[in-house]
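What follows is a short report on a single structure.
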Amino acid sequence: MTFYHFVNCVLLTFGPPLILYKFSVLSEYGTLWKPLIGTGCYMITQGVKMLIIAGLINLSPLWDHLTDCIGMYYFLVHQQKASVASVKILSLALGWSVTESIFTRFVNFYLNARSMQFSWQYLLTAGEANLSLIQNICLCALLWSWGRRSNKIHLSVIVLYILSISFVESIIVKSISLGALAITTTFLYN
Numbered sequence: 054m055t056f057y058h059f060v061n062c063v064l065l066t067f068g069p070p071l072i073l074y075k076f077s078v079l080s081e082y083g084t085l086w087k088p089l090i091g092t093g094c095y096m097i098t099q100g101v102k103m104l105i106i107a108g109l110i111n112l113s114p115l116w117d118h119l120t121d122c123i124g125m126y127y128f129l130v131h132q133q134k135a136s137v138a139s140v141k142i143l144s145l146a147l148g149w150s151v152t153e154s155i156f157t158r159f160v161n162f163y164l165n166a167r168s169m170q171f172s173w174q175y176l177l178t179a180g181e182a183n184l185s186l187i188q189n190i191c192l193c194a195l196l197w198s199w200g201r202r203s204n205k206i207h208l209s210v211i212v213l214y215i216l217s218i219s220f221v222e223s224i225i226v227k228s229i230s231l232g233a234l235a236i237t238t239t240f241l242y243n
């Protein structure tokens, strides 16, 4: 049963990015290297973030998201010049999200979701990966639109988006966690 729980969590985490890749414009171009650029972008950004944390200050979640935005913006604007906008946005967001899920969730699933006791925490973490995928697609689209000179999106809109995502994401995850905990306790005691 624990192996099935592990497989369920992994499929819930990595299934939607696979479906997005297969049934979007990315598969029409037949390019796997564009999402790999998003993977490299995530790894370089996280490396820079670790150097900043180790050398300067401890970052708050706002600065954490801001560093991610700077990394995404740089790779959206400066690295992939001649490409269709939807391919740029989806490839960067897909590569970023899959790499984030591999580094932050897969090891946790492998070590803990195979335990003897079922826990809702790992299913919620898998669902959180899907929210992260949607968030990264929205953020890449917003940053790409801001980077275009013809569109006039103010920097305050991006900062407001980052603040609202930081606040709303924590509220959604906490409320879902409390709801799952309440459901579990009612089943255990009834």
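Positions in the sequence shown are counted from 1; adding 53 to them yields the numbering used here. Even glycine gets a Cβ: it sits at the ideal position worked out from N, Cα and C. Just so we're clear, the structure is a prediction, and the values are computed from it rather than from any experiment.
query: What is the DSSP secondary structure of Leu85, reduced to helix, strand or coil?
result: In the structure shown, Leu85 sits in coil (DSSP, three-state: anything other than H, G, I, E or B).
message: Spatial neighbours of Asp117 within its chain, please: C-beta separation below 8 angstroms, excluding the five flanking residues on both sides.
response: Cβ within range, chain order: Lys102.
task: With DSSP collapsed to three states, give me the class of Leu109.
output: Here Leu109 sits in coil by DSSP.
- prompt: Any contact of the segment 135-152 with the segment 179-187, i.e. 3+ C-beta pairs under 8 angstroms?
  reply: Touching, yes.
- prompt: Under a three-way DSSP split, which group does Ser150 fall into?
  reply: In the structure shown, Ser150 adopts helical secondary structure according to DSSP, grouped into three states.
message: Which residue wins for smallest C-alpha separation from Tyr74, given the options Arg158, Ser172, Ala146 and Thr157?
response: Relative to Tyr74, the option among Arg158, Ser172, Ala146 and Thr157 whose CA is nearest is Ala146.
- request: Just mark Tyr175 as buried or exposed, buried being the case when its beta carbon has 16 or more other beta carbons within 10 Å.
  value: Buried, since its Cβ has 16 or more Cβ neighbours within 10 Å.
message: Can you confirm whether the segment 78-98 touches the segment 135-143 when touching is taken to mean that 3 or more C-beta pairs between the two stretches lie within less than 8 angstroms?
response: Because the criterion of three Cβ pairs below 8 angstroms is met, the segment 135-143 and the segment 78-98 touch.
- request: Can you give me the Cβ contacts of Thr189 inside the same chain, cut-off strictly under 6 angstroms, excluding the 5 residues immediately before and after it?
  value: First, the amino acid is wrong: residue 189 is Asn here, not Thr. Within the same chain, Asn189 has close Cβ partners Ala146, Trp149 and Ser150.
message: Going residue by residue through the segment 164-200, where are the continuous alpha helix (DSSP H) segments of at least 4 residues, counting only ones entirely within it?
response: Annotation note: the segment 164-200 contains the following uninterrupted alpha helix (DSSP H) runs of length 4 or greater, listed N- to C-terminal: 173-200.
query: From Tyr214 to Leu192, what distance separates their C-alpha atoms?
result: Computed Cα separation, rounded: 8 angstroms.
- request: Take the Cβ of Arg201 as the centre, count every other Cβ of all protein chains shown within 10 Å, and call the residue buried at 16 or more, exposed below.
  value: Arg201 is exposed by the Cβ-count criterion.
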